[in-house]
Amino acid sequence: MIRQLWRWMFGRGNSRRAAVPTQIPVIVPSRADHKPMRPSEVFTPTKPRVGRHALIGRQEEIEIIVQALIEDKAHVVLYSERGRGKTSLANIIIEGLRRSGVIVAQHSCEASSTFDSIMRGLARSLPAALLANPVRAEECQGCEAALPGASLRPADIVDFQPRLTARPLICVIDEFDRVQDAATRTLLADTIKQVSDRGLPLLFMIIGVSDSLEQILGQHPSIQRNLVSVPLPLLSADNIMGLVDMGAEAAGLSYSSEVIEAIAIIAGGMPYIAQLLGLRVAQVTTRRDATTADMQTLMIAALRMIRETPAPTAARYDEITAGGEDEDVLAALRQVATATQDLWGHMSTKDTGVDTVVVGGARIGRRSWLALHEWGVLQPCTGKPGFVTFADRSLRQYILLHSVVDGTWGADPKPIPRQMEEVAVPIQRIGL
Ligand SMILES: Nc1ncnc2c1ncn2[C@@H]1O[C@H](COP(=O)(O)OP(=O)(O)OP(=O)(O)O)[C@@H](O)[C@H]1O
Ligand SMILES: [Mg+2]
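Written as structure tokens, this is what we have:
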């Protein structure tokens, strides 16, 4: 089964190693034989990607997650900051698993979700045909009839699995961070423990916005050896440039290499920002009845993005830069915003003497460095001494959009790093 899955995900070939190309092939309609698509069909900032050909990069994470679920029979926790592409990645994995005959239940949480509502949501998402003994229950949808009517406990999920013909059954729970009920985390952890202890063919993939495994699932040392924790990194600059270039082509447009590079720098590895800026550039281009986008097009698109930026980020920028008047602070902000970051958005720091500090390769004055700290622009990275990160990544984008609009783009500092530092993905393989 796993071979079939790798073949679907990565193309021809029998073994995973042989089949995995360096990049999932993205099929882009060639302009010669396809009508250009509408910009909003190509660039989808508000919609997770669906389908194998819609996703850029992420081969390593797909491999790790599928291997954990299918080969290691481990549960998976996938987490990152908002908008890095968790749901898009889950979509492709779910589609691949289903095509290979694996039954996948799916549920997306809300703030009011509880253990009971999540488990019922998962059961409802499964076709009733999977019930080993068809039960007639008018009020129930899907496989919910196999669950007791009373408020659900972990033991009910242990009893639920054998009532289905699906083996294995993979349950994907998205937006788990939104759940406010603290008891739900403990009940889910207890369920993971109980199904793992009994060796049941039931696995969970839990997805949410978080900085750590503990933050999303709580502290449950007893389940850690049954889990693979997958923090999702940013996309590489090359992947972002590929996303924008191919999107433009599918829309029948051509963005200059300067524009594509600038979008990659502003996005800083965030697919959401690349999709949004890619879309705005396409909209400005088509409104001008043009097919090519240059830096002037980007400037208009950037202006629109500045106007759309949530008020707190704009207010913070104004406060820190004294309404855009403090040239020293502005220069320092631009320097750290364009400094080299790794795939986690972290920048190395080096104290080089009395007057300067080097942040991600950019040398900034000590006075500005201290000012950035006082303003809380940068914060130390937990567990990574000597590294800092933007406390609010939307401020980083806002600084760069301003730089495009006010004409300082590319002038200060020089040169803008084209490629983010590539670092190994520190996947935690707990107990495996
Ligand atoms: N690998 C990718 N290739 C192309 N576009 C992507 C990729 N990953 C994400 N995107 C795009 O980025 C945006 C955010 O993706 P997605 O909704 O999957 O992120 P998320 O991490 O689930 O967000 P949230 O934290 O809000 O749930 C979407 O517009 C999606 O289309
Ligand atoms: Mg999501």
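Residue numbers are given in the working numbering: position 44 of the sequence shown equals residue 816, and the series is strictly consecutive.
Idealized CB from N, CA, C, for every residue including glycine.
Keep in mind it's a predicted model, so treat the numbers as computed, not measured.
### Message
Assuming contact is defined by CB atoms lying nearer than 9 Å, are Gly829 and Asn1011 in contact in what I supplied?
### Response
yes
### Message
For the beta strand (DSSP E) containing Ile942, name the first residue and the last one.
### Response
941–946
### Query
Using CA coordinates, which residue listed in Ser994, Ala904, Gly1179, Ile988 is at the minimum distance from Asp962?
That would be Ser994, whose Cα lies nearest to the Cα of Asp962.
### Query
When the Cα atoms are used, what is the spatial distance from Leu974 to Gln1169?
41 Å
### Task
Pick out the complete beta strand (DSSP E) segments inside the segment 863–935, 3 residues or longer, and give them in chain order.
875–880
### Task
Could you check if Thr1154 is buried or exposed, using at least 16 other CB atoms within 10 Å of its CB as the buried criterion?
exposed
### Query
Within 8 Å: the Cβ of Asp1098 and any heavy atom of ligand 2?
Taking 8 Å as the cut-off, one finds no heavy atom of ligand 2 near enough to the beta carbon of Asp1098.
#### Entry: Where the beta strand (DSSP E) through Asp983 begins and ends
Unbroken run through Asp983: none, as it is neither H nor E.
#### Entry: Residue from Arg935, Ala927, Thr1063, Gly1096 with nearest C-alpha to Leu960
If we check each option's Cα against that of Leu960, Ala927 comes out closest.
#### Entry: Residues with C-beta closer than 7 Å to any heavy atom of ligand 2, in chain order
Any residue whose Cβ sits closer than 7 Å to a heavy atom of ligand 2 makes the list: Pro820, Lys858, Thr859, Asp946, Glu947, Ile979.
### Query
Is Gly829 near ligand 1, judged by its Cβ being under 8 Å from some heavy atom?
yes
### Closest by C-alpha distance to Asp1123, when choosing among Gln1113, Arg1135, Asp1114
Arg1135
### Message
Less than 6 Å between C-beta atoms, sequence neighbours within five positions excluded: which residues of the same chain meet that for Gln878?
### Response
Ser897, Val944
### Task
Tell me whether the beta-carbon of Val967 lies closer than 9 Å to the beta-carbon of Gln933.
yes
### Query
Measuring from the CB of Arg856, is there a heavy atom of ligand 3 at a distance below 8 Å?
With respect to small molecules bound, the structure shown includes ligand 1 and ligand 2 and not ligand 3.
### Query
Going by C-alpha distance, which of Glu1146, Pro1157, Ala1074 is nearest His1118?
Pro1157
### Query
Looking at the structure shown, is Arg1168 part of a helix, part of a strand, or coil, going by DSSP?
helix
#### Entry: Where Thr794 falls, given that 16 or more other Cβ within 10 Å makes a residue buried
Note that Thr794 has pLDDT 34, beneath the 50 cutoff, so the model's placement of it is unreliable and no number is given.
### Query
If you count every other CB in all the chains shown that lies within 10 Å of the CB of Arg1139, and 16 or more means buried, which is it?
exposed
### Query
Got a sec: does ligand 1 put a non-hydrogen atom nearer than 8 Å to the Cβ of Ala1257?
Absent from the model: residue 1257. The displayed extent of the chain is 773 to 1204, so no value can be given.
#### Entry: Closest residue to Thr937 among Ile964, Leu972, Phe948 (Cα-Cα distance)
Leu972
#### Entry: Three-state secondary structure (DSSP) of Gly1014
helix
### Task
Compare the beta carbon distance of Ala917 and Leu903 with 9 Å and say whether it is the shorter of the two.
yes
### Task
Note down, in chain order, each residue of its chain lying with its Cβ closer than 7 Å to the Cβ of Leu723, except the 5 sequence neighbours on either side.
Past the edges of the chain, shown from 773 to 1204, lies residue 723, and the structure says nothing about it.
### Task
Mind checking which residues open and close the beta strand (DSSP E) that includes Arg1139?
First-last for Arg1139: 1138–1146, but that is the alpha helix (DSSP H), not the beta strand (DSSP E).
### Task
Identify every residue that forms a DSSP beta bridge with Tyr1027.
Ala1065
### Query
Who does Gln1151 pair with in a DSSP beta bridge?
Gln1151 is bridged to Thr1161.
### Task
Taking the CB atoms as reference points, tell me whether Gly1014 and Val814 lie closer together than 9 Å.
No; because the gap between Cβ atoms is not below 9 Å, this pair is not in contact.
#### Entry: Buried versus exposed, by CB contacts within 10 Å (16 or more), His847
buried
#### Entry: Pro811, enclosing beta strand (DSSP E) - first and last residue
Not the beta strand (DSSP E): Pro811 falls in the alpha helix (DSSP H), residues 811–814.
### Task
Sort Ser852, Gly1040, Ile1038, Gly1019 by Cα distance to Pro808 and report the nearest one.
Gly1019
### Message
For a test of your reading of the model: does the CB of Glu853 fall under 8 Å from any non-hydrogen atom of ligand 1? Yes or no.
### Response
yes
### Query
If you draw a straight line from the C-alpha of Gln1055 to the C-alpha of Lys819, how long is it?
In this structure, the CA atom of Gln1055 is about 17 Å from the CA atom of Lys819.
### Any non-hydrogen atom of ligand 1 within 8 Å of Asn1011 CB
Yes.
### Interface flag, Ala1020 vs chain D, CB-CB below 9 Å
Among the chains of the structure shown, chain D does not appear; only one protein chain is present.
### Task
Give me the Cβ distance between Ser1028 and Ala1065, rounded to the nearest whole Å; I'm assuming they're in contact under 8 Å.
That belief holds up - the Cβ atoms of Ser1028 and Ala1065 are roughly 7 Å apart, short of 8 Å.
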